[in-house]
Each structure stands twice: as structure tokens, then as C-alpha cells.
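**Student:** Quick one: structure below, then a few questions.
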Amino acid sequence: MLRAAEELGAGARGRLRLGFVDSTAYEFVPFFLHRFRTAWPDVDVELHTMSSDEQARALADGAIDVGVARTVPVRPVVDSDVLGHDRLLVAVPAGHTVGRQRSVKLSRMHDDTFVGFSRETSPSLHAEIRALMLGHGVRYDPAIEATEYTTIVGLVAAGEGVALVPAGVRRLQLPNVNYIEIADRDARVALVRLSRPDEPQAVISNAIAELGRTVTEG
């Protein structure tokens, strides 16, 4: 019993409820989980896919312990740290005019139909990408919205439009989809850690530390 109590106090045992945005499921979260599970094999991990805004509400409600998000929410107030940034790519259907180019400027996309992440589920991310595109003279108003990038890229493959996606999503290789680099340096999205302020649990502190190491050490 004493040993179990010591392990709980050190964060070697317990439960971690991790919320994460869908776009991090292809690279960052699997890398983090491998590192965390190697260091702390006796911690039970629960995974919850949710938008940045949903994560903030879930943290405030006590439904998750740590979040991996794309934006820093205004309400509710949670503790946050920008871990880094991921560049954006444009996913285009085969046969698109830029499909054979190595890169494209956002200003060239003013005639494109967009497929995007749900503005209802993730209003903060939608507003951020809309502002980015507006800065390059392009109106961003997706004709079709979805809550998972598998669906978004599938719609691109079906010829329903083009999509701006974080770079990790290109691991999702579907027929008839090309991922094109964006030449503009500001075409990027943040990778943000969310948690409750003054979190006392050691298992959560260990997870927060490992998230930072996953970014810096890969």
C-alpha cells in the first residue's frame, strides 16, 4: 500500500485523460503517447478527440486533464502554452491547376471552393484561418464543413474543393489528393497545450513535461 501511494504521488500510477484536436492524431499525439507510455507504463490513458474550444470547456468541467489544441481559448480561462507551430498545406484534388506545383501562394486561391473544419465545433480555428486568408485577399467561407480531417480530405479526393490542413495530415494518403506547400510564411497554426491552472496531480505534471519534450526532441 505504501509503494502504491508513493507511485501515485510520483505520477507513476493513475489516469490521464487527454483531449486532442483531430489534426494531431497523425503525428504528434502518437509520438507523445509512445514517449509517455514508455516512461510511465502503469498510467492508464484515455483519449478524447475534440476541438480546441471543446477542450477548454472539458477542462473547466473536469472531463479531461490535458489538451492538445490549435488555439488559446478566451472563455473559459485555462492555463495554456504554445508548444510550437505546424505549417499549413493545401490539399487539392488530382487535376487541380496547382496539383503539379511545389508550392502556391494563398493569394492564388481566390477562385477555389473550400472544404473546412466545422466553424460550429471549432469557432476559434475557423476565425483564425479566415483572418489568415483575408490577409492575403481571399474570402474563406467553406462550402462544406466537417469535424474530422479524414472526411475533409475524402471530400477533396471526391473533387468537392480544396482544404487547408496542418502538415501532419499529409500522412493521410488518399487516391486523387495532392498536398502542396504554401509559400507564405504566415501559413501556419499553433500547437497549444491546455490544462487547468495550478494542477496538483503529478501524473498530469508528467504529461505536461512530456508534451514539451515531444516537441523539442521529436
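Just so you know, the sequence shown maps onto residues 333 to 550 in my numbering. By construction, the Cβ of each residue, glycine as well, lies at the ideal position given by its N, Cα and C atoms. Computed from a prediction, not measured in an experiment: that's the story for all the values here.
Buried or exposed for Gln505, going by 16 or more other Cβ atoms inside 10 Å?
**Tutor:** Label assigned to Gln505: exposed.
**Student:** Given a cut-off of 8 angstroms on the beta-carbon distance, is the pair Val430 and Ile514 in contact?
**Tutor:** It is not a contact, given that the beta carbons lie outside the stated cut-off.
**Student:** Hey, Val410 and Ala388 are a contact pair by Cβ (cut 8 angstroms); roughly how many whole angstroms apart?
**Tutor:** Correct: roughly 5 angstroms between the Cβ atoms.
**Student:** Please report the distance separating the alpha-carbon of Leu523 from that of Ser537.
**Tutor:** Cα to Cα, the separation comes out at about 18 angstroms.
**Student:** Exposed or buried, Ser435, counting other C-beta atoms within 10 Å across all chains shown (16 or more means buried)?
**Tutor:** By the 10 Å Cβ count, Ser435 comes out exposed.
**Student:** With DSSP run on the structure shown, which of helix, strand or coil describes Ile536?
**Tutor:** Residue state, collapsed to three classes: helix.
**Student:** Classify Thr548 as helix, strand or coil using the three-state DSSP reduction.
**Tutor:** If DSSP states are grouped into helix, strand and coil, Thr548 belongs with the helices.
**Student:** Could you tell me if the beta carbon of Ser384 falls within a distance shorter than 7 angstroms of some heavy atom in the ligand ATP?
**Tutor:** Ligands in the displayed structure: none, and consequently the ligand ATP is not present.
**Student:** Please confirm whether Phe368 and Ala539 have their CB atoms less than 8 angstroms apart.
**Tutor:** Yes; because the gap between Cβ atoms is below 8 angstroms, this pair is in contact.
**Student:** If you check the beta carbons only, do Val485 and Val424 fall under 8 angstroms apart?
**Tutor:** Going by C-beta atoms, Val485 is not nearer than 8 angstroms to Val424.
**Student:** I'd like to check one pair, His380 with Gly351: are the Cβ atoms closer than 8 angstroms?
**Tutor:** A contact, by the Cβ cut-off of 8 angstroms.
**Student:** Please classify Gly399 as buried or exposed, where buried requires at least 16 neighbouring CB atoms within 10 angstroms.
**Tutor:** Counting Cβ neighbours within 10 Å, Gly399 comes out buried, since at least 16 surround it.
**Student:** With distance defined between alpha-carbon atoms, name the residue in Glu531, Arg545, Ile476 nearest to Gly493.
**Tutor:** Checked all of Glu531, Arg545, Ile476; the closest Cα to Gly493 is Ile476.
**Student:** Return the chain-ordered list of same chain residues with a C-beta closer than 8 angstroms to the C-beta of Thr453, the five sequence neighbours on each side being excluded.
**Tutor:** Correct list, in chain order: Ser383, Asp385, Glu386, Thr479.
**Student:** With DSSP run on the structure shown, which of helix, strand or coil describes Pro405?
**Tutor:** DSSP places Pro405 in coil when its eight states are reduced to three.
**Student:** In angstroms with no decimal places, state the Cα-to-Cα distance between Asn510 and Asp444.
**Tutor:** Using only the alpha carbons, I get a separation of about 15 angstroms.
**Student:** Output yes if chain C places a C-beta closer than 8 angstroms to the C-beta of Ile476; else output no.
**Tutor:** Within the model displayed, chain C is absent; a lone protein chain is all it includes.
**Student:** Would you report the Cα separation of Thr546 and Phe360, rounded to the nearest angstrom?
**Tutor:** Whole-angstrom Cα-Cα distance: 8 angstroms.
**Student:** According to the Cβ coordinates, are Asp418 and Ala499 closer than 8 angstroms?
**Tutor:** Yes.
**Student:** Taking Glu378 as the reference, which of Arg349, Asp473, Val414 has the closest Cα?
**Tutor:** Closest option to Glu378, Cα to Cα, is Arg349.
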